[in-house]
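Sequential numbering of the first sequence, starting at 968, is according to this note's numbering.
To start, the structure under review is shown below, and the notes come after it.
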Amino acid sequence: MLDIKQIRANPVAVQEKLSLRGGDYDLQPLLRLDQRQRDLETRRSQLQSRSNTIGKAVGQKIKSGSDPQGPEIAALRTEGNDLKTQLAELDPEEKALKLEIQNILLTLPNLPSDTTPQGKTETENVEIHRWGDAHKRGPEGILPHWEMGEKLGIFNFERSAKVAQSRFVTLLGAGAALERALISFMLDQQIAAGYIEALPPILVNSDSLTATGQLPKFAEESFKCADDDLWLTPTAEVPLVNLYRDEILESDALPIYHCAYTPCFRREAGSYGRDTRGLIRLHQFNKVELIKIVNPETSEAEHETLRQNAEAILQALELPYRVIELCTGDLGFGAAKCYDLEVWLPSAETYREISSCSNCYDFQARRANIRYREAGTKGTQFAHTLNGSGLAVGRTMAAILENYQAANGAVKIPTVLQPYLRREVL
RNA sequence: GGAGAGGUGGCAGAGUGGUCGAAUGCGCUCGACUUGAAAUCGAGUGUACCGAAAGGUACCGUGGGUUCGAAUCCCACCCUCUCCGCCA
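What follows is the structure, encoded as structure tokens:
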């Protein structure tokens, strides 16, 4: 959520930054509501103050012997009732305004960072660097991963559609073991990098989704339980960040690092026909997620190390990838700055997103009300939150099935995974 | 799912209509005493909003209601705990 005070103070600057994302943002209606709300608040608090004085006066007079039924107290009661009537008129309007303002604020995306490259669409994203070109292979003799997987019998889509629907997979035998090995390897590596492992709830309530920014705008992207205020989490970022919702942390408790394996669930509404085959776009997929809650002064540096922690997995697996920085037009709703890691998929001869590392600055923290207190100072400040995949497991498996295909049709197991899988080829 | 108990400040725990943002204790911060520490003593110690400031307002699980006045009374909801049942 954006800071209404900032919008009030610099409406033009905020509007310009928002428009870098593309789309129209007119902040004037919001500012008018805000002004009206504050006027009402001033009025209301004056009336309230008088009402409090009367309330106290009545009590005092009765205590010091006035007749509770006498004219003096009757007059105060009348004035009190009068104020109550006036307040009853102001109050609903002010509450409605507050709600309206809040609802508008909740729909506004984060401001892009000053360092985020400007651009309208993903074509203007900026490549930062590439890694592993030496291992990069072309499509010659490469089966797409879904064909390879079916040939090896390590997953099955057709039967999964029977169990659930399309865009679900069942991993079988070595496929299930490989997925499990990848999860263990990723977690072990991130734990070694300083992240505290968490195994959080994967059903989350509406407040949690609102705090991290999936609600109210992206409700159609998540699966919702019919009878409870619970949703299947679209990413572990939601439960992990919300662990600290409505908390005031001591500054020495920061930074907080968590990693977590969870399944993730996405409805993929509006992506019909895209990536219909294989492990790339499923309603349910596994991911190891990284989150950080940090002091604002360190968040830029923390973002860089977060990205390196994600990159380290790809390097250890010797999968060729590139890092791109999203331009302002391609930035996610809550992100101020974002790097995507894209792994090489030889069958398609493209790089595909396998990790997204975002710095949300204080955007989520304001929604989630996650603050910290600097020792010895008065007041509190919003922390910064960061998140990144480390990594998307299904897409990692896809990348391995393609990049590690040998000429004889076997798939070699990356060296670092061999201790986990206790085998060298699939 | 059934029965019961309960939700108050960092924690514990008073408070059942009036001056209560809230006693007391612990914790924490600063100070005094001490060679240092402990103990002791003194002062301070919630959050947010409005306001240039003085100051004002709100918050005792959440939302309504009664009243001149609600932590306290009424209604609804949420959550936690205990026991029973069921269950991985």
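We put the CB at the ideal spot given by N, CA and C, even for glycine.
Measuring only the C-alpha atoms, how far is residue i from residue j?
| i | j | result |
| --- | --- | --- |
| Thr-1317 | Leu-1368 | 15 Å |
| Ala-1332 | Pro-1222 | 14 Å |
| Ala-1101 | Tyr-1288 | 11 Å |
| Gly-1022 | Ser-1033 | 14 Å |
| Leu-1388 | Asn-977 | 56 Å |
| Ala-1373 | Lys-1379 | 7 Å |
| Asn-1262 | Gly-1346 | 15 Å |
| Ala-1365 | Ile-1260 | 31 Å |
| Ile-1158 | Cys-1226 | 7 Å |
| Thr-1402 | Cys-1231 | The chain is shown only over 968 to 1393; residue 1402 falls outside these bounds and no answer can be derived. |
| Ser-1325 | Leu-1007 | 39 Å |
| Met-1338 | Ser-1016 | For clarity, residue 1338 is Arg in the given sequence; the question names Met instead. Rounded to the nearest angstrom, the two C-alpha atoms are 30 Å apart. |
| Gly-1301 | Asn-1077 | 5 Å |
| Thr-1090 | Thr-1295 | 11 Å |
| Gly-1237 | Pro-996 | 31 Å |
| Gln-1085 | Leu-1293 | 9 Å |
| Arg-1390 | Ile-1150 | 16 Å |
What are the boundary residues of the alpha helix (DSSP H) that includes residue i?
| i | result |
| --- | --- |
| Phe-1330 | 1330–1335 |
| Ser-1018 | 995–1030 |
| Asp-1307 | Not the alpha helix (DSSP H): Asp-1307 falls in the beta strand (DSSP E), residues 1304–1312. |
| Phe-1252 | First-last for Phe-1252: 1251–1261, but that is the beta strand (DSSP E), not the alpha helix (DSSP H). |
| Arg-1147 | 1141–1159 |
| Glu-1269 | 1266–1283 |
With distances taken from CA atoms, which of the options is nearest residue i?
| i | options | result |
| --- | --- | --- |
| Arg-1248 | Val-1208, His-1351 and Arg-1362 | Arg-1362 |
| Leu-1138 | Asp-1155, Glu-1117 and Ser-1151 | Glu-1117 |
| Tyr-1239 | Ser-1133, Ile-1109, Asn-977 and Ala-1365 | Ser-1133 |
| Asp-1196 | Leu-1210, Leu-1176 and Asn-1209 | Leu-1176 |
| Pro-1111 | Glu-1060, Gly-1245 and Glu-1214 | Gly-1245 |
| Ala-1160 | Glu-1320, Asn-1276 and Gln-1013 | Asn-1276 |
| Glu-1320 | Gly-1357, Gln-1053 and Thr-1074 | Gly-1357 |
| Val-1290 | Tyr-1306, Gly-1299, Gly-1301 and Ser-1018 | Tyr-1306 |
| Arg-1340 | Arg-1233, Ala-1220 and Val-1255 | Ala-1220 |
| Tyr-1211 | Trp-1198, Lys-1184 and Pro-1167 | Pro-1167 |
Below 8 Å on the Cβ atoms is my guess for residue i versus residue j; work out the distance and round it to an integer in Å.
| i | j | result |
| --- | --- | --- |
| Glu-1217 | Ala-1342 | 7 Å |
| Pro-1079 | Ala-1350 | Actually they do not touch by this definition, with Cβ atoms about 20 Å apart. |
| Ile-1258 | Thr-1200 | That pair is no contact at about 13 Å. |
| Gly-1105 | Phe-1122 | Not really, about 25 Å apart at Cβ, beyond 8 Å. |
| Val-1255 | Met-1153 | 4 Å |
May I ask which residues mark the beginning and end of the beta strand (DSSP E) holding residue i?
| i | result |
| --- | --- |
| Leu-1353 | 1351–1359 |
| Val-1383 | Run containing Val-1383: none; DSSP gives neither H nor E here. |
| Pro-1230 | 1223–1232 |
| Ser-1325 | 1317–1326 |
| Gln-973 | Counting along the chain, Gln-973 falls outside any beta strand (DSSP E), though it belongs to the alpha helix (DSSP H) covering 971–976. |
| Ile-1095 | 1093–1098 |
| Ala-1165 | 1163–1165 |
| Ile-1291 | 1288–1292 |
| Glu-1214 | 1214–1217 |
Exercise for the section: Could you tell me whether the stretch 1258–1277 touches the stretch 1043–1051, using the rule of 3 or more Cβ pairs below 8 Å? Expected result: Judged by Cβ distances under 8 Å, the stretch 1258–1277 makes no contact with the stretch 1043–1051, as fewer than three pairs qualify.
Exercise for the section: Check whether the stretch 1050–1062 touches the stretch 998–1017, counting contact only when three or more Cβ pairs, one atom from each stretch, lie closer than 8 Å. Expected result: Cβ pair count under 8 Å is three or more, so yes.
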